[in-house]
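Participant: Residues 0 to 524 in numbering that gives the first Met the number 0 are what the first sequence spells out, letter by letter. Ideal Cβ positions, reconstructed from N, Cα and C, are used throughout, including at glycine. Here the structure is a predicted model, which is why all the values come from computation and not from measurement. Let me give you the structure first, and then I'll get to my questions.
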Amino acid sequence: MTNESNANSATPAATRSMDDIVALCRRRGFIWQSSEIYGGINGFWDYGPLGVELKRNLKEAWWHDIVRCPGKGPDGNLIDMVGVDCTIIMNPKVWEASGHVGGFNDPMVDCRACKSRFRADHLIASEFFAEDATNSDKRFLISGLGEPKEVLEANKKKLEKLSKGHTDFRNPFGWRSFAELNADGRAKFQCPECGESGTLTEPRQFNLMFETYTGAIRDEESKTYLRPETAQGIFTQFWNVVDTSRVKVPFGIAQVGKAFRNEVTPRNFTFRSREFEQMEIEFFIRPDQASEWYQYWRDSRYEWWKSIGLAGDNLQLREHEKEELAHYAKEGAGVCDIEYRFPFTAPGFGELEGVAHRADYDLKAHATACGKGDKLRYFDQERNERYFPHVIEPSAGADRGTLALLCEAYTPDSNRPSGVYMKFHPRLAPIKAAIFPLVNKDGMPEVAEKLYMKLRQKWNVQIDVKQNIGKRYARMDEAGTPYCFTIDSDTLNDQTVTVRHRDTLQQERIGLDKVAAFLSDKIGD
RNA sequence: GCGGGUGUAGCUCAGUGGUAGAGCGUCACGUUGCCAACGUGAAUGUCGUGAGUUCGAAUCUCAUCACCCGCUCCA
0 MTNESNANSA TPAATRSMDD IVALCRRRGF IWQSSEIYGG INGFWDYGPL GVELKRNLKE
60 AWWHDIVRCP GKGPDGNLID MVGVDCTIIM NPKVWEASGH VGGFNDPMVD CRACKSRFRA
120 DHLIASEFFA EDATNSDKRF LISGLGEPKE VLEANKKKLE KLSKGHTDFR NPFGWRSFAE
180 LNADGRAKFQ CPECGESGTL TEPRQFNLMF ETYTGAIRDE ESKTYLRPET AQGIFTQFWN
240 VVDTSRVKVP FGIAQVGKAF RNEVTPRNFT FRSREFEQME IEFFIRPDQA SEWYQYWRDS
300 RYEWWKSIGL AGDNLQLREH EKEELAHYAK EGAGVCDIEY RFPFTAPGFG ELEGVAHRAD
360 YDLKAHATAC GKGDKLRYFD QERNERYFPH VIEPSAGADR GTLALLCEAY TPDSNRPSGV
420 YMKFHPRLAP IKAAIFPLVN KDGMPEVAEK LYMKLRQKWN VQIDVKQNIG KRYARMDEAG
480 TPYCFTIDSD TLNDQTVTVR HRDTLQQERI GLDKVAAFLS DKIGD
């Protein structure tokens, strides 16, 4: 990390306005609404020219540090890591085995009065008839949440009262779920929470997975899903990786790719999007070593986010409480989130990356579902035993990471013309440097272009010859460009240029032939 | 999904029933010679969208979409 990027502590989240950050993202071409000219679409965002560079830099830094140059593990050995790139659409059996189909597929019903939400198949009702001596019949609806027995018990007094003095008391149509009731029945249905009648909405599907159809025929047989996480691609190819890559436990498989979740409420700019990109590691270990590897990944992932510029009080590591753990993690070594204090979550935090001990839940589930079972256990040569490896999963959001970088970089500064600058870590900055001829004549543009052509072979740099130098500096401040090199009349005499530092506004002169070395030193190649 | 708010040029906003505007930014030319300087000129609008009321709608009504805030949801 350079001195500049760490010069003073991060801007407190509370003083940053999300509206201002969104406005800058739009104005400078970081992030736009998808399909904006048609009014946009809820939960989908596009990256513009600066945004795509920033997000690529984030993903490439991750891939470099995770796959190409991982560190040493808790056992003191270099970590073994390989990458994969799996498809978004997979055999739908994958999602049955993983528990995504079925578990999160139920129609839900909301109460308009008390805002409670229920699964429609848990809401049941039955119409009762009671005939009295004069053959006039009386009917009433008993409704509630749970099994018929529970509902009857809950409505015991009401039933006794209504059936009093009547004969031939019965419910001829039996119990029906809320979804099976007609409009009249739904209107009489009492909310189990607040007791109001007719306040429940129509049942609505909350399908977290996007569905599509593969092939020409659109029927149930051809129904497929857009993956809601990249992890399952890794799990299903685990055995191929083991057979072809000479890896042995402990080792990791990494993947960067799009995932899709049909969120009920996309919110907070790109934070909760329906289409988003994940950077996931599944790290396979011996079951008895889960604890030390969990701690290793928890700590190293936290340090990594610090290393790319999220170093201040706005980043925190939070261990999950037992109650909030997912079904597969209840007995595990732990689950934690690495969280960032976004302006819209402040003073709270929002998740950037989750590190979870998933045990052997996924590998076992796929081994069972595909019918091969224990034959798919991993063979540990050294220990001469077979087992399903446990998994530590560090799963990060590329879009959330990009958003955190944007929020962290946003630095109001009334002392400079732009009023704000983006203090990106140089490694992540979309544009590494700008090259300016002080004026667009007297041989300066030619020198500038020559320097530009040389530097762009290695870094994303820009040349700008238009307008006065102040405007060009101001534009680069909003783009977050850490260095500007200016060619002036002295350059033509002594072969030096000025370097203007984004964060301090200081200038220094260095040799024209030293510029590339300067950038290598500050940014890396 | 519920409740509240917002929506006019790239940005910030003015415009309360009668010709769609300003500042900034952008672009061109000139000038300038290190921090959005100066001069001249130019481009830029489905007034979020669609209906309705009206002789006439950015303006009033309804619906809808998007964004923001609060609930809810987030395996």
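Do you know how far the Cα of Lys137 is from the Cα of Phe552?
Facilitator: What is shown of the chain runs 0 to 524, which leaves residue 552 out entirely.
Participant: Between the Cα of Leu207 and the Cα atoms of Asn181, Val263, Lys521, which residue gives the shortest distance?
Facilitator: Position 208 of the first sequence, counting from 1, holds the residue named residue 207. Among Asn181, Val263, Lys521, the Cα nearest to that of Leu207 belongs to Val263.
Participant: Decide if Thr269 is buried, meaning its Cβ has at least 16 other Cβ atoms within 10 Å, or exposed.
Facilitator: Reading the first sequence from its first residue, position 270 is the one you call residue 269. It counts as buried.
Participant: Distance check for Tyr339 and Leu405, CA to CA, integer angstroms please.
Facilitator: Sequence index remark: in the first sequence, residue 405 carries index 406 (1-based). Sequence index remark: in the first sequence, residue 339 carries index 340 (1-based). Approximately 12 Å between the Cα atoms of the pair.
Participant: Counting beta carbon pairs with one atom in the segment 384-395 and one in the segment 276-291, are three or more of them shorter than 8 Å?
Facilitator: Touching, yes.
Participant: Taking one C-beta from the segment 243-255 and one from the segment 218-233 each time, how about it: are there three or more such pairs within less than 8 Å?
Facilitator: Yes: at least three Cβ pairs fall under 8 Å.
Participant: Going by DSSP, what residues sit across from Phe378 in a beta bridge?
Facilitator: Indexing the first sequence from 1 puts residue 378 at position 379. Answer is Arg385.
Participant: So, at 6 Å on beta carbons, what are the nonlocal neighbours of Val100 in its own chain, with the 5 sequence-adjacent residues on each side left out?
Facilitator: Residue 100 sits at position 101 when you count from the first residue of the first sequence. So the qualifying residues of the chain are Trp94.
Participant: Reducing DSSP to helix, strand and coil, say where Ser176 ends up.
Facilitator: Residue 176 sits at position 177 when you count from the first residue of the first sequence. Strand.
Participant: Does the Cβ of Ser272 have 16 or more other Cβ atoms within 10 Å, making it buried, or fewer, making it exposed?
Facilitator: For the purposes of this step, residue 272 is identified with residue 273 of the first sequence, where counting begins at 1. Ser272 should be labelled buried.
Participant: Can you tell me whether Asp275 is helix, strand or coil according to DSSP?
Facilitator: As a working note, residue 275 is residue 276 in the first sequence. Residue identity differs from the one stated: residue 275 is Phe in this sequence, not Asp. Strand, per DSSP.
Participant: Taking the CB atoms as reference points, tell me whether Ile78 and Pro69 lie closer together than 8 Å.
Facilitator: Numbered from its first residue, the first sequence carries residue 78 at position 79. Numbered from its first residue, the first sequence carries residue 69 at position 70. The answer is yes: Cβ separation under 8 Å.
Participant: With H, G and I counted as helix, E and B as strand and the rest as coil, what does DSSP make of His365?
Facilitator: Walking along the first sequence from the start, residue 365 turns up at place 366. In this structure, His365 counts as helix in the three-state DSSP scheme.
Participant: Figure out for me which residue from Ala516, Asn41, Ala366 has the closest Cα to the Cα of Ala432.
Facilitator: For the purposes of this step, residue 432 is identified with residue 433 of the first sequence, where counting begins at 1. Looking at the Cα atoms, Ala516 is the closest of the given residues.
Participant: Around the Cβ of Leu518, are there at least 16 other Cβ atoms within 10 angstroms (buried) or fewer (exposed)?
Facilitator: Along the first sequence, read from residue 1 onward, the residue named residue 518 stands at position 519. It counts as buried.
Participant: Is it right to say Gln506 is buried, meaning 16 or more other beta carbons lie within 10 angstroms of its own, or is it exposed?
Facilitator: Translated into positions along the first sequence, residue 506 becomes position 507. Looking at its Cβ environment, which holds fewer than 16 other Cβ atoms inside 10 Å, Gln506 is exposed.
Participant: For Ala403 versus Leu316, is the C-beta distance shorter than 8 Å?
Facilitator: The residue labelled residue 403 in the question sits at position 404 within the first sequence. The residue labelled residue 316 in the question sits at position 317 within the first sequence. No, the Cβ-Cβ distance between Ala403 and Leu316 is not below 8 Å.
Participant: What are the boundary residues of the beta strand (DSSP E) that includes Leu351?
Facilitator: In the first sequence, the residue the question calls residue 351 occupies position 352. Leu351 -> beta strand (DSSP E) spans 349-358.
Participant: Specify the secondary structure class of Ile141 as computed by DSSP and reduced to three states.
Facilitator: Within the first sequence, the letter at position 142 stands for residue 141. Note: Ile141 maps to strand in three-state DSSP.
Participant: Over the uninterrupted alpha helix (DSSP H) stretch that includes Gln315, give me the two end residues.
Facilitator: Working through the first sequence from its first residue, we reach residue 315 at position 316. Counting along the chain, Gln315 falls outside any alpha helix (DSSP H), though it belongs to the beta strand (DSSP E) covering 314-318.
Participant: Taking the alpha helix (DSSP H) that Arg605 falls in, what are its first and last residues?
Facilitator: The shown model of the chain, from 0 to 524, leaves out residue 605, and the question about it has no answer.
Participant: Is Pro429 near Leu53, with beta carbons less than 8 Å apart?
Facilitator: Locating residue 429 in the first sequence gives position 430, counting from the first residue. Locating residue 53 in the first sequence gives position 54, counting from the first residue. In contact: Pro429 and Leu53 (Cβ atoms closer than 8 Å).
Participant: Could you give the C-beta distance for Gly510 and Thr495, rounded to a whole number, given that I count them as a contact under 8 Å?
Facilitator: The count along the first sequence starts at 1 and reaches residue 510 at position 511. The count along the first sequence starts at 1 and reaches residue 495 at position 496. Between Thr495 and Gly510 the Cβ distance is about 6 Å, and since that is below 8 Å, they are a contact.
Participant: Tyr451 and Val438 look like a contact to me (Cβ under 8 Å); what is the Cβ gap, rounded to whole Å?
Facilitator: Indexing the first sequence from 1 puts residue 451 at position 452. Indexing the first sequence from 1 puts residue 438 at position 439. That belief does not hold up - the Cβ atoms of Tyr451 and Val438 are roughly 16 Å apart, past 8 Å.
Participant: Relative to the C-alpha of Pro444, which residue among Glu477, Gly469, Thr490, Thr410 is closest?
Facilitator: The residue labelled residue 444 in the question sits at position 445 within the first sequence. For Pro444, the nearest C-alpha among the options comes from Thr490.
Participant: Does DSSP put Pro11 in a helix, in a strand, or in coil?
Facilitator: The residue labelled residue 11 in the question sits at position 12 within the first sequence. Reliability of the predicted coordinates at Pro11 is poor, the pLDDT of 43 falling under 50, and the value obtained from them is presented with this limitation in mind. Three-state result, Pro11: coil.
Participant: Taking Cβ positions, are Ile486 and Val446 nearer each other than 8 Å?
Facilitator: Start at 1 with the first residue of the first sequence, and residue 486 comes out as number 487. Start at 1 with the first residue of the first sequence, and residue 446 comes out as number 447. For Ile486 and Val446, yes; Cβs fall inside 8 Å.
Participant: With which residues is Ala129 paired in a DSSP beta bridge?
Facilitator: Position 130 of the first sequence, counted from the first residue, corresponds to residue 129. According to DSSP, Ala129 bridges with Lys137.
Participant: Indicate the three-state DSSP secondary structure (helix, strand or coil) for Met452 in the structure shown.
Facilitator: Here residue 452 refers to the residue found at position 453 when the first sequence is read from its first residue. If DSSP states are grouped into helix, strand and coil, Met452 belongs with the helices.
Participant: Report the three-state DSSP secondary structure of Ala6 (helix, strand or coil).
Facilitator: As a working mapping, residue 6 is identified with position 7 in the first sequence. Reliability of the predicted coordinates at Ala6 is poor, the pLDDT of 29 falling under 50, and the value obtained from them is presented with this limitation in mind. If DSSP states are grouped into helix, strand and coil, Ala6 belongs with coil.
Participant: Going along the chain, which residues of its own chain have a beta-carbon closer than 6 Å to the beta-carbon of Arg297, five neighbours each way excluded?
Facilitator: Translated into positions along the first sequence, residue 297 becomes position 298. Cβ within range, chain order: Cys335, Val354.
Participant: For a test of the three-state rule: what should DSSP assign to Lys187, helix, strand or coil?
Facilitator: As a first step, residue 187 must be located in the first sequence, where it is residue number 188. Lys187: helix per DSSP, three-state reduction.
Participant: Please state whether DSSP places Asp45 in a helix, a strand or coil.
Facilitator: In the first sequence, counting from the first residue as 1, residue 45 sits at position 46. In the structure shown, Asp45 sits in a strand (DSSP, three-state: E or B).
Participant: Return yes when the Cβ of Ile462 is within less than 8 Å of the Cβ of Glu448, no when it is not.
Facilitator: Locating residue 448 in the first sequence gives position 449, where the first residue counts as 1. Locating residue 462 in the first sequence gives position 463, where the first residue counts as 1. Contact flag set, yes.
Participant: Going by Cα to Cα distance, which pick from Gly75, Ile65, Cys190 is closest to Ala119?
Facilitator: Here residue 119 refers to the residue found at position 120 when the first sequence is read from its first residue. Of Gly75, Ile65, Cys190, the residue nearest in Cα terms is Cys190.
Participant: Please state whether DSSP places Ala516 in a helix, a strand or coil.
Facilitator: Position 517 of the first sequence holds residue 516. If DSSP states are grouped into helix, strand and coil, Ala516 belongs with the helices.
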